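There are 2 protein chains.
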Amino acid sequence: MNLKELAKELNLSISAVSKALRDSHEISSATKLAVLAKAKELNYQVNPFASSLRKQKSKTIAVVLPEIDNLFFALAINGIESIAQEKGYHVLIYLTHEDSQKEISITQLLQNGRVDGIMMSLSSQTLDLKHLQELKDKEIPLVFFDRVADKIDAPKVTTDDYQSGIKATEHLIEKGCDKIAFLSISNNLSISNKRKNGYIDSLLKHQIKIKEEYMLLCSQDDVKNKSIITKMLKKKNRPNGIFASVEKLALISYEVCNELNLKIPEDIKVIGFSNLYTAGLLNPSLTTITQPAYNIGKEAANILFKLIEKRGNQIIPEQSVLNSILVERNSSRN
Amino acid sequence: MNLKELAKELNLSISAVSKALRDSHEISSATKLAVLAKAKELNYQVNPFASSLRKQKSKTIAVVLPEIDNLFFALAINGIESIAQEKGYHVLIYLTHEDSQKEISITQLLQNGRVDGIMMSLSSQTLDLKHLQELKDKEIPLVFFDRVADKIDAPKVTTDDYQSGIKATEHLIEKGCDKIAFLSISNNLSISNKRKNGYIDSLLKHQIKIKEEYMLLCSQDDVKNKSIITKMLKKKNRPNGIFASVEKLALISYEVCNELNLKIPEDIKVIGFSNLYTAGLLNPSLTTITQPAYNIGKEAANILFKLIEKRGNQIIPEQSVLNSILVERNSSRN
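Chains A and B are the protein sequences, given in the same order. As numbered in my numbering, residues 1 to 334 make up the first sequence, in order. As numbered in my numbering, residues 1001 to 1334 make up the second sequence, in order.
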């Protein structure tokens, strides 16, 4: 049953039926009632695409993410979805799998009105920001969360990454570590660099020598990651503390320590950014910097809907920073 | 820039431009080239909603899930997305959070042509299947995966749940358990019942008495779950083996054992359905029945696209069953 058939059944013009369904003032109440009754009788439903065309609204937002098999992003989606559901919006999910080419194709796909707004967390490989600037140039509402693009003028929701980097490093120093490794997956991502700056500044403050060999740049290839972490931990002058700026690098460090028979926390202490439900059940339980992932998703969605709704006088923060917490467990015990 | 403006620029009718853009045989090659050149020059992009209206295709599929902060579903989405991306489709994600009312509203929202097809994994609370039958009645392509509705005539992709139930139970029996608890979150879900039937049949085969008190029906409320598992494990006649048919119930069992000072595997052995990356790093490492989550997502998406494309003579399996594997680790060690 489409609009044309409904109009025919009612012996009215398509335009009159359409106006009646939109409660237009041009149509009499009697006609409106007749149209609604017939629409109900014939189980007529508004075609969302016709409706989107008329209103120039898709009632859809897109979430562009590097990956989904990571609790941080899963919880952020839960937060985003809770707000979208309240607003009656649909949520499209796109995964880049850390591939910047894929990120570019996805953003191109989203330039033509399919969505009313976009939330993004960058791929670790993204260097060139042209595709993001294009979204801005086309005035598509855009909000970054967690992995933000500092140089693009759009609202950004993150945790206190620099402070968290300090917190994690000072925690290891307090626990007696003086040779601390920093593991990250990117030299491009703003959040990685902020965490690293926190690490470096803490070492400087405590007059601990900064060593290039302790700063490992890992990748998407976990076999390679394992081998470079193994190489570092096999050296005579191996670190006695590991700060993993990404969850999976903490888990790979556990595996490597198991294989090399290095005891955590006796031989080496570990802290990692993580939202793992099982952090407390690991062997040993993992000390974490835990991000408020659900609230990051909610906050980013709230800001996006402000951009979409464009109500006058609304204050839209350019930066919104939520605090992470340090949860001390056995992997950094003294 | 819309179609009307583009037509005006070209001094052609809207219909001619539209046909040219669709490469219609009614339009000359010269005109087509002129239209394409102008479209490119003016950065004209096809409006996806106008395009969907014309083609009666939304190029979008919906995935309706109970939750996303669970690796099984996250990996299934990865599989679905890999196929959708190949096909040039967009993926909408809807979460029911195990609420059957929410599941009903979502399916109603999806009846009006917003999507070309739906993939579903049921909420554990869904009893009445009317909303699913409605999708079938409206001839909306529909595929169930993992948590399927046996009574709805639509393709279903699952693992070998009954066989896995047998495998898990016999594994515990082999390891010396004679008092085995079965933990599930639903009496409605077909997969829960199949796993339970495997459990019961194994006990019967090995002449182990079946006890109601060892079959715990848990819920969405993890505080309650913890308290009923604690109650069972505090009893004098507590089980010496736990078969958790759902990942989170294995993790809660670990917590309870820690609190009650019960040693796994010495005092009690544990096996659980799980796709956790960290299963091998838990204390002790967890023996799992691991489902091929990524391939389940891929297979379900492949079947859905066959239903959508409706090419003649394609064979569409009514049931597609992929095997789970048992990964033995320390939680069931003898």
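Beta carbons: idealized from backbone N, C-alpha and C, even for Gly. It should be emphasised that the depicted structure is a prediction, and the values quoted were computed from it without experimental measurement.
Measure the CB-CB distance between residue i and residue j and report whether it falls below 8 Å.
{"i": "residue 93 of chain A", "j": "residue 1093 of chain B", "result": "yes"}
{"i": "residue 276 of chain A", "j": "residue 268 of chain A", "result": "no"}
{"i": "residue 349 of chain A", "j": "residue 233 of chain A", "result": "Outside the modelled stretch of chain A, which goes from 1 to 334, sits residue 349 of chain A, for which no answer is possible."}
{"i": "residue 6 of chain A", "j": "residue 39 of chain A", "result": "yes"}
{"i": "residue 115 of chain A", "j": "residue 62 of chain A", "result": "yes"}
{"i": "residue 1318 of chain B", "j": "residue 1155 of chain B", "result": "yes"}
{"i": "residue 1143 of chain B", "j": "residue 1300 of chain B", "result": "yes"}
{"i": "residue 197 of chain A", "j": "residue 127 of chain A", "result": "no"}
{"i": "residue 252 of chain A", "j": "residue 226 of chain A", "result": "yes"}
{"i": "residue 1241 of chain B", "j": "residue 1293 of chain B", "result": "no"}
{"i": "residue 1333 of chain B", "j": "residue 1239 of chain B", "result": "no"}
{"i": "residue 1323 of chain B", "j": "residue 1159 of chain B", "result": "yes"}
{"i": "residue 1202 of chain B", "j": "residue 1170 of chain B", "result": "yes"}
{"i": "residue 1152 of chain B", "j": "residue 1132 of chain B", "result": "yes"}
{"i": "residue 1221 of chain B", "j": "residue 1190 of chain B", "result": "no"}
{"i": "residue 1145 of chain B", "j": "residue 1296 of chain B", "result": "yes"}
{"i": "residue 305 of chain A", "j": "residue 291 of chain A", "result": "no"}
{"i": "residue 1214 of chain B", "j": "residue 1165 of chain B", "result": "no"}
{"i": "residue 1134 of chain B", "j": "residue 1111 of chain B", "result": "yes"}
{"i": "residue 256 of chain A", "j": "residue 287 of chain A", "result": "no"}
{"i": "residue 1084 of chain B", "j": "residue 74 of chain A", "result": "no"}
Give me the chain A residues within the contact set of residue i, using Cβ-Cβ distance strictly less than 9 Å, ordered along the chain.
{"i": "residue 1222 of chain B", "result": "In chain order: nothing, as chain A lies at least about 10 Å away."}
For the beta strand (DSSP E) that contains residue i, what are its first and last residues?
{"i": "residue 115 of chain A", "result": "Segment: none, residue 115 of chain A is in no beta strand (DSSP E) and carries neither H nor E."}
{"i": "residue 272 of chain A", "result": "269-273"}
{"i": "residue 1217 of chain B", "result": "1215-1217"}
{"i": "residue 1156 of chain B", "result": "1156-1159"}
{"i": "residue 1142 of chain B", "result": "1142-1145"}
Throw me the rounded Cβ distance for the residue i and residue j pair, which I believe falls under 8 Å.
{"i": "residue 1121 of chain B", "j": "residue 1100 of chain B", "result": "About 13 Å; that fails the 8 Å criterion."}
{"i": "residue 1027 of chain B", "j": "residue 1034 of chain B", "result": "Going by Cβ atoms, the distance from residue 1027 of chain B to residue 1034 of chain B rounds to 10 Å, so no, they are not a contact pair."}
{"i": "residue 1148 of chain B", "j": "residue 1103 of chain B", "result": "With 8 Å as the limit, residue 1148 of chain B and residue 1103 of chain B do not qualify as a contact, their Cβ atoms being about 14 Å apart."}
{"i": "residue 1183 of chain B", "j": "residue 1244 of chain B", "result": "5 Å"}
{"i": "residue 1219 of chain B", "j": "residue 1270 of chain B", "result": "Rounded, the Cβ-Cβ distance is 20 Å, inconsistent with contact."}
{"i": "residue 1289 of chain B", "j": "residue 1326 of chain B", "result": "6 Å"}
{"i": "residue 344 of chain A", "j": "residue 109 of chain A", "result": "Absent from the structure is residue 344 of chain A, since the part of chain A shown begins at 1 and ends at 334."}
{"i": "residue 69 of chain A", "j": "residue 1012 of chain B", "result": "About 49 Å separates the two Cβ atoms, so there is no contact after all."}
Could you tell me the boundaries of the alpha helix (DSSP H) in which residue i lies?
{"i": "residue 1107 of chain B", "result": "1100-1109"}
{"i": "residue 260 of chain A", "result": "247-260"}
{"i": "residue 1084 of chain B", "result": "1071-1087"}
{"i": "residue 280 of chain A", "result": "Counting along the chain, residue 280 of chain A falls outside any alpha helix (DSSP H), and DSSP gives it neither H nor E."}
{"i": "residue 1232 of chain B", "result": "1222-1234"}
{"i": "residue 46 of chain A", "result": "Run containing residue 46 of chain A: none; DSSP gives neither H nor E here."}
{"i": "residue 193 of chain A", "result": "190-205"}
{"i": "residue 1133 of chain B", "result": "1130-1137"}
{"i": "residue 17 of chain A", "result": "14-21"}
{"i": "residue 9 of chain A", "result": "3-10"}
In this structure, what does DSSP give as the bridge partners for residue i?
{"i": "residue 94 of chain A", "result": "A:64"}
{"i": "residue 181 of chain A", "result": "A:242"}
{"i": "residue 289 of chain A", "result": "A:273 and A:326"}
{"i": "residue 319 of chain A", "result": "A:156"}
Closer than 8 Å by beta-carbon distance: list the chain A residues that pair up with residue i, in chain order.
{"i": "residue 1046 of chain B", "result": "112"}
Using a cut-off of 7 Å between C-beta atoms, extract the partners of residue i located in chain A.
{"i": "residue 1081 of chain B", "result": "95"}
{"i": "residue 1278 of chain B", "result": "251, 276, 278 and 282"}
Below 8 Å on C-beta distance, what does residue i contact in chain B?
{"i": "residue 91 of chain A", "result": "1092, 1093 and 1094"}
Give the interface partners of residue i over in chain B, defined as CB-CB distance under 7 Å, in chain order.
{"i": "residue 69 of chain A", "result": "1071, 1074, 1075 and 1078"}
{"i": "residue 254 of chain A", "result": "1281"}
Within 7 Å: the Cβ of residue i and any heavy atom of the ligand ADP?
{"i": "residue 1023 of chain B", "result": "This structure simply doesn't include the ligand ADP, nor any ligand for that matter."}
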